[in-house]
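A.B. asks: Once you've had a glance at the structure underneath, I'll fire off some questions.
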Amino acid sequence: MDRRVPTLAGPGGGAAWLALVAVAMCASVARGETLNPNLWGTDGNVTAIAQSANTLYIGGAFSSVAPNTGALVPIDLRSGRVLPSLPKVAGEVRAMAHDGSGGWFVGGVFNAVGGAFRHNLAHILADGTIAPWDPNPDGMDVSALALRDGVVYIGGNFSHIGGESRNSIAAVDATIGTATAWNPSAGGWVSTLLVKDQRVYVGGVFSTIGGAVRRNLAALDVTTGAATSWDPEPIGWVHAMAVRGRTLYVGGSFGYIAGRYRNLLAAVDLKTGEALEWNPNGLGLNNPYFPAPTVSSIALEGNTLYVGGLFTSIGGADRAGLAALDVRTGVATEWNPNQSPIWILSLAVHRQTVYAGGYFTTIANQPRSAIAAFDARSGELTDWNPSANGPVEAMVVSGDVIYAGGAFASVGPRLLRHNLAALDATTGEVKAWNPNPDGYIIYGLAVDAGSVYVGGGFSNIGGAARNNLAAVDTTTGVATTWNPDADGAVRSLVVAPGAVYAGGDFTRIGGQRRTYLAALDKGAGAATGWNPGPNNSVFALVDGGSTLYVGGVFDQVRGVGAGAGLVRTSLAAVDMATGVVLPWSPNVDSWVATMALSGGTLYVGGRFGSVGGQTRNALAAVDATSGTVTRWNPDVSGGHGVYPVVHALAVNGGAVYVGGDFDQVGGQPRNCFAALDGSTGTATGWNPHADDVVWSLTSSENSIFAGGWFRSIDGFPSATLAGVTVPPPRAVAQLFRASQPDIAHVLALGQNWPNPARSSTSIRFALPEAAAVDLEVFDLQGRRVAVPVDHEPRFAGEHEVQIQTAGWRSGTYLYRLVAGGSVVTKKMLVVR
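Counting in the working numbering, the sequence shown runs without a single skipped number right up to 818 at its last residue.
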């Protein structure tokens, strides 16, 4: 029996619903954990972040900064500019099919589209929202899509889709996403599909399909899925197909088809399966260290067949990866736009222009990154230059727009910035500031009084010779006269009123011998008399007011006037004025990479298994005064290596944000990035789903910025850099009582955050006593759109529920809490 509260918009419910709307419209708006999708990203690791006002300084090991467009973009055919109409895909797009209503079916290798979690297959509607349609294939990828009569034909590498077992090929209802009875079951990988008349032509690398032995190419009955007698049997992978009349043009990495020698490209009779006399004979370099020669893409225009791939000659002429062939003779035409080795993966022809995508950074002896356009008559390269930072694998023209998908994170301007850059924290765009350090990495950043202090491994920055540590002007990027001249990398910095504290791998700095830790005069950069002298590298520093907390890989700290070294394993506290090593000694069994101080608690992260004799995996909390390990124990585990590692920590409100290399923390699966309750150590409801390592974090009043080697965060493309707006540190009940004190004694419903919501939002509520709870979301017409909590028993106290909103249309919604005979309703907004 459905015990949910019925929809109020039905017969007799209109007046009640209008009253409910009126009450909800009085609700206030709060902010919360939501990703800034406009923040630009880099092409390498981001290992250091510092914020000053509205400027975000980032350092690491990268060469350029570019907008995070994701792996699917609409590009204006005239200007080459990326248009903002599609949700961003986090991953790789390999196939597209127009839905006939202005939207797109999209396949590839991805986990999210526009913040909505979709594995390798999604439907983007004409208004840019994500359809609820979710066949959810398992496996490695979706490589091919075709739409016919309300059915989406899907090829790739999977074994389950649309709720049914299907091996690498399936037909799915285009409206509801369930698999149809059509089940050819390929014994291999399907990479291309073509529907013509009552046949589905399938290419790839397989040995059986449609209940018959068929090698790499087959024709299937569109109704039954059974293989027909048509059987060209190519010896090698089939990558591309195009049809003209009763001829099927087939491209791939084969050398033999239908009993005849045909290298890379052939024409096959659609009725008989015989290879025609047409024989361009594609050739390439057979080198075991490089991919095999292949034809990867085909586009037909009139009597010309444009082909792209990895080859050196075709049609009897030298052609480097791109050619035009006569469909009657197979001979290469005079069209020859490129003479340098490239690999073309995708082609589209429109209005006398040939668009080519693939692996290249130059083409026709001109700089073009992964996508280019040529005059279809002369072969001349046009000025059109969108520039993608990874291979373009699929292209479809619709109207005045070309839709491009591939294994890229960015299309558009890429600005050269070597290891150091400044971004606008609001717009996300890169600023003109460019100190342009040489060297291999930036490890540490700090901003103070018009200067950015930069530590790392370099010898020149801001136009001046500076070894591993420098100060550059926040406006001009020019190096100041401050020059400590460190003889090894500087990894961590603290700028205090009287000095700049530096930790790293050096043994001499500021004109003095200082092992791994030093205090430097803010005027000239000379080392002060402060000299604790740890015996190995320092990775992290935290300013505790009068105490400097030091983390690294040392096991002794000499200390001022201490004589013999004091035992301090990886963690120590030093008086910032005198350099005296304090008795504080938590005793970590391996190295410390990061620390964050909140009140009287020092949070410590790194790669270790115990602190103070107690088991603590990679993360611990230590009393900042006594050094005693607290009971706080999130117990980090997993990751890419043998041991989990926490590389970065930041505290904001009541939450501890953790970045590193792990897959479980706080009792929940969390990949590389998590928010933990600062009191209990349990993971909060927010799950950012980082897809790789987080190296750095910084916190401001309402934001957390993360840097690393990830490509997506929270379902959005975020190439190595992400900005997250965090919730205000206020209890739900306090929020509720402030806004609706008249019924706060019954139950409390907090404002959702983020509000407005994009891909997801969280709702908190508090119960005065245990009760069965209903939490529902309605649109303004009274239609129920979601039931996050369906008459579930909940204990007294505060609760949090996360709702995925990526597939919802923009607009105002009402969410209603029913518990213990009381009803509370509030308003929420969803924007795109």
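Note that CB positions come from ideal geometry on N, CA and C, so glycine has one too.
These numbers were taken from a predicted model, which means no experiment stands behind them.
Cβ of Val59 within 8 Å of Cβ of Glu379?
C.D. replies: Start at 1 with the first residue of the sequence shown, and residue 59 comes out as number 73. Start at 1 with the first residue of the sequence shown, and residue 379 comes out as number 393. No.
A.B. asks: Using beta-carbon positions only, say whether Gly694 and Asp678 come within less than 8 Å of one another.
C.D. replies: For the purposes of this step, residue 694 is taken as residue 708 along the sequence shown, with counting starting at 1. For the purposes of this step, residue 678 is taken as residue 692 along the sequence shown, with counting starting at 1. Yes; because the gap between Cβ atoms is below 8 Å, this pair is in contact.
A.B. asks: Tell me whether Ala16 sits in a helix, a strand or coil according to DSSP, three-state version.
C.D. replies: The sequence position of residue 16 within the sequence shown is 30, counting from 1. Low per-residue confidence applies at Ala16: pLDDT is 33, beneath 50, and the placement is therefore not dependable enough to give any value.
A.B. asks: Between the C-alpha atoms of Ala823 and Phe346, what's the straight-line distance to the nearest angstrom?
C.D. replies: A query on residue 823 cannot be resolved here, the shown segment of the chain reaching from -13 to 818 and no further.
A.B. asks: When the distance is taken between beta carbons, is Gly398 closer than 8 Å to Ala52?
C.D. replies: Numbered from 1 along the sequence shown, position 66 holds the residue referred to as residue 52. Numbered from 1 along the sequence shown, position 412 holds the residue referred to as residue 398. Contact: yes.
A.B. asks: DSSP on Leu308, reduced to helix/strand/coil?
C.D. replies: For this step, residue 308 is matched to residue 322 along the sequence shown. Correct three-state label for Leu308: strand.
A.B. asks: How should Asp491 be labelled, buried or exposed, when 16 other C-beta atoms within 10 angstroms of its C-beta is the threshold for buried?
C.D. replies: Along the sequence shown, read from residue 1 onward, the residue named residue 491 stands at position 505. The residue in question, Asp491, is buried, as its Cβ has 16 or more Cβ neighbours within 10 Å.
A.B. asks: Go to Gly819, then tell me how far its beta strand (DSSP E) extends in each direction, as first and last residue.
C.D. replies: The requested residue 819 does not occur in the structure, where the chain is confined to residues -13 to 818.
A.B. asks: Is the distance from the Cβ of Ser239 to the Cβ of Ala278 below 8 Å?
C.D. replies: Within the sequence shown, residue 239 is the residue found at index 253, counting from 1. Within the sequence shown, residue 278 is the residue found at index 292, counting from 1. Yes; because the gap between Cβ atoms is below 8 Å, this pair is in contact.
A.B. asks: Determine the DSSP secondary structure at Met381, reduced to helix, strand or coil.
C.D. replies: As a position in the sequence shown, residue 381 is number 395, starting the count at 1. Of the three classes helix, strand and coil, the one that applies to Met381 here is strand, per DSSP.
A.B. asks: Under the assumption that Val480 contacts Pro518 (Cβ atoms under 8 Å), give the Cβ distance between them as a whole number of angstroms.
C.D. replies: What you label residue 480 is simply residue 494 of the sequence shown in a count that begins at 1. What you label residue 518 is simply residue 532 of the sequence shown in a count that begins at 1. Their Cβ separation, rounded to whole angstroms, is 13 Å, which puts Val480 and Pro518 out of contact at 8 Å.
A.B. asks: Kindly identify the DSSP beta-bridge partner or partners of Arg80.
C.D. replies: Counting from one through the sequence shown, the residue named residue 80 turns up at place 94. Bridge partners of Arg80 according to DSSP: none are assigned.
A.B. asks: On the DSSP letters alone, give me the boundaries of the beta strand (DSSP E) that Met825 sits inside.
C.D. replies: In the structure displayed, the chain extends from -13 to 818; residue 825 sits before or after that span and is not available.
A.B. asks: By the 10 Å Cβ neighbour count, where 16 or more other Cβ atoms means buried, how is Pro118 classified, buried or exposed?
C.D. replies: Working through the sequence shown from its first residue, we reach residue 118 at position 132. Classification for Pro118: exposed.
A.B. asks: What is the DSSP secondary structure of Asp507, reduced to helix, strand or coil?
C.D. replies: Position 521 of the sequence shown holds residue 507. In the structure shown, Asp507 sits in coil (DSSP, three-state: anything other than H, G, I, E or B).
A.B. asks: Which value, in whole angstroms, describes the spacing of the CA atoms of Pro703 and Val804?
C.D. replies: Against the sequence shown, residue 703 aligns to sequence position 717. Against the sequence shown, residue 804 aligns to sequence position 818. Approximately 37 Å, taken between the alpha carbons.
A.B. asks: Report the three-state DSSP secondary structure of Pro774 (helix, strand or coil).
C.D. replies: If you number the sequence shown from 1, residue 774 lands on position 788. Three-state DSSP puts Pro774 in a strand.
A.B. asks: Can you give the Cα-Cα distance for Leu766 and Trp739, rounded to whole angstroms?
C.D. replies: Numbered from 1 along the sequence shown, position 780 holds the residue referred to as residue 766. Numbered from 1 along the sequence shown, position 753 holds the residue referred to as residue 739. If you take the alpha carbons of Leu766 and Trp739, they lie about 20 Å apart.
A.B. asks: Could you have a look at Met581 and say whether DSSP puts it in helix, strand or coil?
C.D. replies: For this step, residue 581 is matched to residue 595 along the sequence shown. Strand, per DSSP.
A.B. asks: Using DSSP with H/G/I as helix, E/B as strand and the rest coil, what is Phe144?
C.D. replies: The residue given as residue 144 occupies position 158 in the sequence shown. Three-state result, Phe144: coil.
A.B. asks: What are the start and end residues of each continuous beta strand (DSSP E) run of 3 or more residues lying completely inside the region 474 to 506, in chain order?
C.D. replies: 476 to 481, 486 to 490, 503 to 506
A.B. asks: Which residues does DSSP pair with Gln352 in a beta bridge?
C.D. replies: Sequence index remark: in the sequence shown, residue 352 carries index 366 (1-based). Gln352 is bridged to Ile349.
A.B. asks: Might you give, ordered along the chain, the residues of its own chain that have their beta carbon closer than 8 Å to the beta carbon of Ala724, omitting 5 neighbours on each side?
C.D. replies: Indexing the sequence shown from 1 puts residue 724 at position 738. With a pLDDT of 40 at Ala724, under the threshold of 50, the predicted position of this residue should be treated as unreliable, though the coordinate-derived value follows. Hits under 8 Å: none found.
A.B. asks: Looking at the structure shown, is Pro620 part of a helix, part of a strand, or coil, going by DSSP?
C.D. replies: Translated into positions along the sequence shown, residue 620 becomes position 634. Coil.
A.B. asks: For Val543, does the three-state DSSP call read helix, strand or coil?
C.D. replies: Reading the sequence shown from its first residue, position 557 is the one you call residue 543. Looking at Val543 - three-state DSSP - the assignment turns out to be strand.
A.B. asks: What's the call for Val644, buried or exposed, on a 16-neighbour Cβ count within 10 Å?
C.D. replies: The residue labelled residue 644 in the question sits at position 658 within the sequence shown. By the neighbour-count rule (16 or more Cβ atoms within 10 Å), Val644 is buried.
A.B. asks: Taking the runs of the beta strand (DSSP E) that are 3 residues or longer, which of them lie wholly in the region 149 to 217?
C.D. replies: 155 to 159, 174 to 182, 185 to 192, 203 to 207
A.B. asks: Have a look at Gln720 and Leu753 and give me their C-alpha separation to the nearest angstrom.
C.D. replies: Working through the sequence shown from its first residue, we reach residue 720 at position 734. Working through the sequence shown from its first residue, we reach residue 753 at position 767. Because the pLDDT at Gln720 is just 44, under 50, the model does not fix this residue reliably, and the point stays unresolved.
A.B. asks: How far does the beta strand (DSSP E) with Tyr43 in it extend, from its first residue to its last?
C.D. replies: Counting from one through the sequence shown, the residue named residue 43 turns up at place 57. 41 to 47 is the extent of the beta strand (DSSP E) around Tyr43.
A.B. asks: What are the residues that DSSP puts in a beta bridge with Leu402?
C.D. replies: Here the question's residue 402 lines up with position 416 in the sequence shown. Answer is Ser50, bridged to Leu402.
A.B. asks: If you reduce the DSSP assignment to three classes, tell me which class Ala432 lands in.
C.D. replies: Along the sequence shown, read from residue 1 onward, the residue named residue 432 stands at position 446. It is a strand residue.
A.B. asks: Taking the alpha carbon of Gly302 as the point to measure from, which residue in Gly270, Gly474, Gly484 has its own alpha carbon closest?
C.D. replies: Indexing the sequence shown from 1 puts residue 302 at position 316. Cα-wise, what sits closest to Gly302 is Gly270.
A.B. asks: On the DSSP bridge assignment, give the partners of Ala407 in chain order.
C.D. replies: Within the sequence shown, numbered from 1, the residue matching residue 407 stands at position 421. Note: Ala407 is bridge-paired with Ile44 in the DSSP secondary-structure output.
A.B. asks: Helix, strand or coil, according to DSSP, for Val313 in the structure here?
C.D. replies: Your numbering for residue 313 matches position 327 in the sequence shown. Val313: coil per DSSP, three-state reduction.
A.B. asks: Flag this pair as yes or no: are the beta carbons of Asp647 and Gly627 separated by less than 8 Å?
C.D. replies: The residue you call residue 647 lines up with position 661 of the sequence shown. The residue you call residue 627 lines up with position 641 of the sequence shown. Yes, these two residues count as a Cβ contact at 8 Å.
A.B. asks: Keeping to the same chain, check which residues put their C-beta closer than 6 Å to that of Ala393; ignore five residues upstream and five downstream.
C.D. replies: Start at 1 with the first residue of the sequence shown, and residue 393 comes out as number 407. Leaving aside the five residues that flank Ala393 on each side, the residues in its chain whose CB is nearer than 6 Å to its CB run, in chain order, Glu78, Gly376, Pro377.
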